[in-house]
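Let me begin by presenting the structure, written as structure tokens, before commenting on it.
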Amino acid sequence: MPSRYIANTPDEQKRMLGTLGAGSIEDLLVKIPPKARLGRPLGLTPALAETDLIRHMTALAGKNANAESHVSFLGAGSYDHYIPSPINHMILRGEFFTAYTPYQPEASQGTLRTIYEYQTMIAELTGMDVANASIYDGASSLAEAALMAHAVTDRREIVLSRAVHPLYKRVTATYCEGPGLRLRDVAAPEGVTDLAAARQLVNAKTAALVVQTPNFYGCLEDVAAAAETAHAAGALLVVVADPVNLGVLEGPGKLGADIVVGEGQGLGVPVGFGGPNLGVFAAKNELVRRMPGRLVGATVDRDGKRGFVLTLQTREQHIRRAKATSNICTNVALCALMATIYLATLGRRGLVRVGELSTAKAHYAAERLAKVPGVSLRFAAPFFKEFMLKLPKAPDRVIPRLAKQGFLAGVPLKTFDRALADSLLVAVTEKRTKAEIDAFAAALEKAVA
Amino acid sequence: MANVPKDLKYTREHEWAKQEGERVRVGITAYAQEQLGDVVFVELPKVGAKVTAAKNFGVVESVKAVSDLFAPVSGEVVEVNGELGQKPETVNQDPYGKGWMLVVKPSSKGEWDQLLTAQQYEELIAQGGH
């Protein structure tokens, strides 16, 4: 029976088989041992009509709690910021709608131009000289930064604050296993990196010191002091930062960072279920030869007209082979496009406003939630849009109760750190209203009572 | 035929070596830079680094290719041509002069005699350079 999902007709199949000298498709499979073959049709339920299928899928999808169905206080690297409607409209255009950096890239001047704009905006936000076309996500950006620091300094240790996102650290550990780089941990007992402890660990073997700001706990780090610590030992400072905050917070490059990486999901990319995300990567100009990833440059053609090209490709593994810093040869072009449209739509003032509202509402929420009996703020250190609550009951028991009332309460920290088993990470964006925060506080009060 | 100065020694990988008293100056040959095309970047070791004869000491990038650089002799790097950071095209313009790359203080004398003479190197490139 011909299938609607197989493009060639029975006639065409017969002609192809004729060319091959085979009588049937079955004849092509005789080399496969019978015991390796199924010998019966797949046990699938009968095909649904399209309307039935959509009804079925909608019902399945409806079982998920998400940022549309619930009031979300989830963060830990993925935030419910508002997504302006021009983004969806623009990315669906046929000229743009691809997940990849184009092959034969210079034929796609429009795509290269948006990537160039993206790089320019990221460089400006992070306070760095140069940004690449993006990497997969915040975690792989950090891992690539560790490899790059090793390539630049020819040193073999990466010192990471314990307040760096634990999943980013795990990805970094995986990347560092091949070249055999050693990862060392600096404690952050009061919610921020213990820089005195960092100074003990950062030495002539250190390729980079890594801090995140706001860090995994939501607290702000002293980036300038971290830079001093790293540079005194001849190491690089790698800063993990969320670009959506950088309308308000100083670009880490201005504070001494040598490489700035981070998760750019907040710039107009939906929270999804863990992806696709946007890996932000920016560096100082003198390090550009060791920077991973695709890089778009502006130039002029032979008639003097402005155009865009992929540049410095000799850094990349298709040319530099085994000596390349990185084996990434693509980027998350569609997510980078979302970020470009996001930043262009909001403009400078809009981005500042997103940061101001997020931090103001987060501080209101922290104050309000800490008044719930038994609930307190885990750390006293200054925070931005995310903070950690200590709960009187196990977060695993509190979260499902709040979900039933329409709240995604936050991220429980037990899976990341047993010492924080009583803690919940709560994020507040500009989307949250006072009414939502008040209602959440009331629901939390009942849930922990 | 590319210029092959008589007073230099050569490697099969197209580096030249020049004896300067106790030290050896190193660069790439006119033939090498012709084959590479426009050099856009040269990556060299730091002063104080150790290099080993016939082993990689750096990388030279032209517009569309990256090639390893091989040390003619073993020893310690005592000078590096910092000018090439800003002006890598010097390697194309003056490969035996301002386009030099390293000065090495050799750790053994025997290696010098293993290098190709100008005549041997000319024969090598006459056969296509391999």
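Note that the protein sequences, when read in sequence, are chains X and R.
Residue 0 is where the first sequence starts when you use numbering that gives the first Met the number 0, and the numbers rise one by one after that.
Residue 0 is where the second sequence starts when you use numbering that gives the first Met the number 0, and the numbers rise one by one after that.
Built from N, CA and C at the ideal position, the CB exists for glycine as well.
Any non-hydrogen atom of the ligand MN closer than 7 Å to residue i Cβ
{"i": "Ala172(X)", "result": "This structure lacks the ligand MN; in fact it carries no ligand of any kind."}
Under 8 Å between C-beta atoms of residue i and residue j
{"i": "Gly409(X)", "j": "Val70(X)", "result": "no"}
{"i": "Val103(R)", "j": "Val76(R)", "result": "yes"}
{"i": "Ile82(X)", "j": "Pro291(X)", "result": "no"}
{"i": "Gly263(X)", "j": "Val279(X)", "result": "yes"}
{"i": "Val268(X)", "j": "Ala338(X)", "result": "yes"}
{"i": "Gly246(X)", "j": "Val353(X)", "result": "yes"}
{"i": "Val39(R)", "j": "Pro87(R)", "result": "yes"}
{"i": "Leu376(X)", "j": "Leu423(X)", "result": "no"}
{"i": "Asn80(R)", "j": "Asp37(R)", "result": "no"}
{"i": "Ala225(X)", "j": "Leu235(X)", "result": "no"}
{"i": "Gly128(R)", "j": "Tyr9(R)", "result": "no"}
{"i": "Thr100(X)", "j": "Arg305(X)", "result": "no"}
{"i": "Gly261(X)", "j": "Asp241(X)", "result": "yes"}
{"i": "Lys283(X)", "j": "Asp257(X)", "result": "yes"}
{"i": "Glu78(R)", "j": "Thr89(R)", "result": "no"}
{"i": "Val209(X)", "j": "Leu254(X)", "result": "no"}
{"i": "Arg78(X)", "j": "Thr428(X)", "result": "According to the sequence provided, residue 78(X) is Tyr. The question's Arg does not apply to it. In contact: Tyr78(X) and Thr428(X) (Cβ atoms closer than 8 Å)."}
{"i": "Ala203(X)", "j": "Ala223(X)", "result": "no"}
{"i": "Asn326(X)", "j": "Gln316(X)", "result": "yes"}
{"i": "Ala281(X)", "j": "Ala130(X)", "result": "yes"}
{"i": "Gly274(X)", "j": "Asp153(X)", "result": "no"}
{"i": "Lys167(X)", "j": "Leu146(X)", "result": "Reading the sequence as shown, one finds Tyr at residue 167(X) and not Lys. In this structure, Leu146(X) does not lie closer than 8 Å to Tyr167(X) by Cβ."}
{"i": "Leu309(X)", "j": "Pro104(X)", "result": "yes"}
{"i": "Pro44(R)", "j": "Val72(R)", "result": "no"}
Span of the alpha helix (DSSP H), counted from its first residue to its last, around residue i
{"i": "Phe439(X)", "result": "Lys433 to Val447"}
{"i": "Ser357(X)", "result": "Ala332 to Ala369"}
{"i": "Gly17(X)", "result": "Pro9 to Leu19"}
{"i": "Ala402(X)", "result": "Pro394 to Lys403"}
{"i": "Leu236(X)", "result": "Leu236(X) -> not in any alpha helix (DSSP H); beta strand (DSSP E) instead, spanning Leu235 to Val239."}
{"i": "Thr228(X)", "result": "Val222 to Ala231"}
{"i": "Gly137(X)", "result": "Gly137 to Thr152"}
{"i": "Gly109(R)", "result": "Gly109 to Gln113"}
{"i": "Ile86(X)", "result": "Pro85 to Ile90"}
{"i": "Leu27(X)", "result": "Ile24 to Leu27"}
{"i": "Val79(R)", "result": "From DSSP, Val79(R) is part of no alpha helix (DSSP H) but of the beta strand (DSSP E) over Gly74 to Val79."}
{"i": "Lys104(R)", "result": "It is not in any alpha helix (DSSP H) - Lys104(R) instead sits in the beta strand (DSSP E) that spans Leu101 to Pro105."}
{"i": "Val170(X)", "result": "Pro165 to Glu176"}
Start-to-end residues for the beta strand (DSSP E) that takes in residue i
{"i": "Ile114(X)", "result": "Ile114(X) -> not in any beta strand (DSSP E); alpha helix (DSSP H) instead, spanning Gln108 to Thr125."}
{"i": "Ile27(R)", "result": "Arg22 to Ile27"}
{"i": "Ile157(X)", "result": "Glu156 to Ser160"}
{"i": "Lys17(R)", "result": "Glu14 to Glu19"}
{"i": "Ala206(X)", "result": "Thr205 to Gln211"}
{"i": "Leu4(R)", "result": "The sequence given here places Pro at residue 4(R); Leu does not occur at that position. Element bounds for Pro4(R): n/a, residue is neither H nor E."}
{"i": "Leu388(X)", "result": "Glu385 to Lys389"}
{"i": "Pro188(X)", "result": "Counting along the chain, Pro188(X) falls outside any beta strand (DSSP E), and DSSP gives it neither H nor E."}
{"i": "Gly84(R)", "result": "Taken as a continuous stretch (DSSP letters only), Gly84(R) belongs to no beta strand (DSSP E), being part of the alpha helix (DSSP H) at Glu82 to Gln85."}
{"i": "Val41(R)", "result": "Val38 to Glu42"}
For residue j and residue i, believed in contact at Cβ under 8 Å, the rounded distance
{"i": "Val201(X)", "j": "Ala162(X)", "result": "With a Cβ gap of about 16 Å, Val201(X) and Ala162(X) do not count as contacting."}
{"i": "Ala117(R)", "j": "Val3(R)", "result": "5 Å"}
{"i": "Glu385(X)", "j": "Ala440(X)", "result": "Not a contact, Cβ separation roughly 17 Å."}
{"i": "Ala335(X)", "j": "Ala132(X)", "result": "6 Å"}
{"i": "Ala442(X)", "j": "Thr324(X)", "result": "49 Å between Cβ atoms; not a contact."}
{"i": "Arg402(X)", "j": "Ala196(X)", "result": "What sits at residue 402(X) in the sequence shown is Ala, not Arg. Contact flag wrong, Cβ pair sits at about 38 Å."}
{"i": "Glu33(R)", "j": "Gly57(R)", "result": "The Cβ separation is near 19 Å, so there is no contact."}
{"i": "Ala70(R)", "j": "Ala52(R)", "result": "6 Å"}
{"i": "Thr119(X)", "j": "Phe95(X)", "result": "Wrong, their Cβ atoms sit about 18 Å apart, outside the cutoff."}
{"i": "Ala206(X)", "j": "Arg155(X)", "result": "7 Å"}
{"i": "Gly373(X)", "j": "Val447(X)", "result": "6 Å"}
{"i": "Ile114(X)", "j": "Val295(X)", "result": "4 Å"}
{"i": "Leu219(X)", "j": "Phe382(X)", "result": "7 Å"}
{"i": "Leu115(R)", "j": "Arg11(R)", "result": "7 Å"}
{"i": "Leu7(R)", "j": "Ala1(R)", "result": "With a Cβ gap of about 13 Å, Leu7(R) and Ala1(R) do not count as contacting."}
is_contact[residue i, chain B] using C-beta, thresh 8 Å
{"i": "Arg352(X)", "result": "Structure shown: chain B not included; protein chains present are X and R."}
At 3 residues or longer, and completely inside the segment 45 to 72 of chain R: list those beta strand (DSSP E) runs for me, N to C. 55 to 61 and 65 to 69
Along the segment 317 to 339 of chain X, what residues have a CB closer than 8 Å to any CB found in chain R? Ile318, Arg319, Arg320 and Lys322
Closer than 8 Å between beta carbons: that is the criterion. Which residues of the segment 271 to 302 of chain X meet it against chain R? Arg288
For the segment 302 to 313 of chain X, which residues have a beta carbon sitting closer than 7 Å to at least one beta carbon of chain R? Thr313
Of all the residues that make up the segment 69 to 91 of chain R, which are near chain X by a beta-carbon distance shorter than 7 Å? none
What residues in the segment 3 to 29 of chain R bring their beta carbon closer than 9 Å to a beta carbon of chain X? none
Pull out every residue of the segment 56 to 68 of chain R whose Cβ sits closer than 9 Å to any Cβ of chain X, in chain order. Val58, Glu60, Ser61, Val62, Lys63, Ala64, Val65 and Asp67
Runs of beta strand (DSSP E) wholly within the segment 250 to 336 of chain X (minimum 3 residues, chain order): 258 to 262, 278 to 282, 295 to 299 and 305 to 309
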